[in-house]
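There are 2 protein chains.
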Amino acid sequence: MSQVSTAPRWLDAEQQQVWRTYLLGSARLAERLDADLRTFGLDLGEYEILVTLSEAPERRARMSELAEAVHQSRSRLTHTITRMENAGLVDRASCPTDRRGVWAHLTDDGFRLLESAAPRHVEAVRRNFVEAMTAEDYAAIGRAFAAVLAVPAD
Amino acid sequence: MSQVSTAPRWLDAEQQQVWRTYLLGSARLAERLDADLRTFGLDLGEYEILVTLSEAPERRARMSELAEAVHQSRSRLTHTITRMENAGLVDRASCPTDRRGVWAHLTDDGFRLLESAAPRHVEAVRRNFVEAMTAEDYAAIGRAFAAVLAVPAD
DNA sequence: GATGGACAGTTGAAACGTCAACTACCTTCC
DNA sequence: GGAAGGTAGTTGACGTTTCAACTGTCCATC
Chain A
1 MSQVSTAPRW LDAEQQQVWR TYLLGSARLA ERLDADLRTF GLDLGEYEIL
51 VTLSEAPERR ARMSELAEAV HQSRSRLTHT ITRMENAGLV DRASCPTDRR
101 GVWAHLTDDG FRLLESAAPR HVEAVRRNFV EAMTAEDYAA IGRAFAAVLA
151 VPAD
Chain B
155 MSQVSTAPRW LDAEQQQVWR TYLLGSARLA ERLDADLRTF GLDLGEYEIL
205 VTLSEAPERR ARMSELAEAV HQSRSRLTHT ITRMENAGLV DRASCPTDRR
255 GVWAHLTDDG FRLLESAAPR HVEAVRRNFV EAMTAEDYAA IGRAFAAVLA
305 VPAD
């Protein structure tokens, strides 16, 4: 008779401590960065959209590429881009080579808003993240989350 | 004439890469854990509430302590606890020593749900986080996010 | 023992995210 | 060439979160 479910492998005290520190710390970090961006009427998700578009050729990207790049669901991105379009930060154009496709395109106003928000935002990222820790630990985070991304789906 | 705003100190390529990997990786991690807990009708926030209460003396905690422990706003916690109360997972009692206060208390059903969800959840945390990386990098994350939490408010 | 200020928690409306269903288009393959 | 199945994006309804305003209680000070 084979054992179907084995005893749970709980985290030991130290592992648990790290996990909780991470949960708390990452939440706090997001909170700080959001608070900072709110000055510009943005949240972190919208800011990432602006950055991604600003770096893309012609400052535009397909909706699904963009969704991937900023790790948002397609549906969420549709809603977000609609709001940003109403705010004049982006506009939409249909893609000539694939008529299902839509390009989200950064407007001049969108670019200017990014330019004005970026210095403060980067400063906040530095203060609350990059420079809060040692360079070694920062590098470790790079490796660690790359490894997280590499975990197979199932 | 003093210079009021100095030139922004941008992140270098490597720093930027780590920052983006973190953004992507932490989003993916949350997504995986949420997907896992959805089987039990929970999300990560609710799960953390159950855990916190289960470990508290008498399995109850003041709303504001709880909010702090699970890094949620008070308002959000009020709504969440209301929903969980309707689902029979917690109940509320008014605190005898401070009549402003409210205790959130884990019910037996809530405890049982936690017991049933915990093994799978811990397995998912292991797979997608703890064991995805080296023990050294895991320890580094502990130090790093403790440092993030130690950054002064302003 | 009143008054002002802080603290605990809630409320309701608006903003946002999620989910499943949907349209439109592209691709493959017979 | 047309059916089947996949991909791109949107929609609207629903649930959740946020935000500002609010009630009630505690505490310090006069």
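From first to last, the protein sequence lines stand for chains A and B.
Yeah, the first sequence ends on 154 if you go by this note's numbering, and it's all consecutive.
Yeah, the second sequence ends on 308 if you go by this note's numbering, and it's all consecutive.
In this text, a Cβ means the ideal position worked out from N, Cα and C, and glycines have one as well.
Inset, instruction - Excluding the 5 residues preceding and the 5 following VAL284/B in the sequence, name in chain order all residues of the same chain whose CB lies nearer than 7 Å to its CB. - result: Once the five neighbours on either side are set aside, the close Cβ partners of VAL284/B are TYR292.
Inset, instruction - Take every Cβ of the segment 272 to 280 of chain B, pair it with every Cβ of the segment 253 to 262 of chain B, and state whether three or more of those distances are shorter than 8 Å. - result: Judged by Cβ distances under 8 Å, the segment 272 to 280 of chain B makes no contact with the segment 253 to 262 of chain B, as fewer than three pairs qualify.
Inset, instruction - Out of PHE299/B, MET238/B and GLU290/B, state which residue places its alpha-carbon closest to the alpha-carbon of ARG143/A. - result: Closest option to ARG143/A, judged by alpha-carbon separation, among PHE299/B, MET238/B and GLU290/B: GLU290/B.
Legend entry - Sub-7 Å separation of ARG60/A and HIS105/A beta-carbons: Yes, the Cβ-Cβ distance between ARG60/A and HIS105/A is below 7 Å.
Legend entry - First and last residue of the uninterrupted beta strand (DSSP E) at ASP91/A: First-last of the beta strand (DSSP E) with ASP91/A: 90 to 94.
Legend entry - Three-state secondary structure (DSSP) of ALA147/A: Helix.
Legend entry - Three-state secondary structure (DSSP) of LEU183/B: If DSSP states are grouped into helix, strand and coil, LEU183/B belongs with the helices.
Legend entry - For LEU144/B, three-class secondary structure by DSSP: With chain B covering only 155 through 308, there is no way to say anything about residue 144/B.
Legend entry - Backbone CA spacing between MET238/B and PHE265/B [nearest angstrom]: A straight line joining the alpha-carbon of MET238/B with that of PHE265/B spans about 12 Å.
Inset, instruction - At 7 Å on the CB atoms, spell out the chain A contacts of ASP263/B, in chain order. - result: By Cβ distance, chain A contributes nothing, its closest Cβ being about 20 Å from ASP263/B, past 7 Å.
Legend entry - Best match in GLU202/B, ARG246/B and ALA241/B for proximity to HIS225/B [C-alpha to C-alpha]: The residue with the shortest Cα to Cα distance from HIS225/B is GLU202/B.
Legend entry - Reduced DSSP secondary structure (H/G/I, E/B, other) of ALA117/A: For ALA117/A, the secondary structure class from DSSP, reduced to helix, strand or coil, is helix.
Legend entry - Residue range of the beta strand (DSSP E) that includes HIS79/A: HIS79/A: not part of any beta strand (DSSP E); member of the alpha helix (DSSP H) spanning 74 to 86, first to last residue.
Inset, instruction - Please state whether DSSP places VAL279/B in a helix, a strand or coil. - result: Three-state result, VAL279/B: helix.
Inset, instruction - Verify the contact flag: PRO96/A, CB atom, against every heavy atom of the ligand PLP, threshold strictly below 6 Å. - result: Summarising the ligand content, the structure contains no ligands, and the ligand PLP is consequently not present.
Inset, instruction - Kindly say whether PHE194/B, judged by its beta-carbon, lies nearer than 7 Å to any beta-carbon of chain A. - result: Interface criterion not met: the Cβ of PHE194/B is under 7 Å from no Cβ in chain A.
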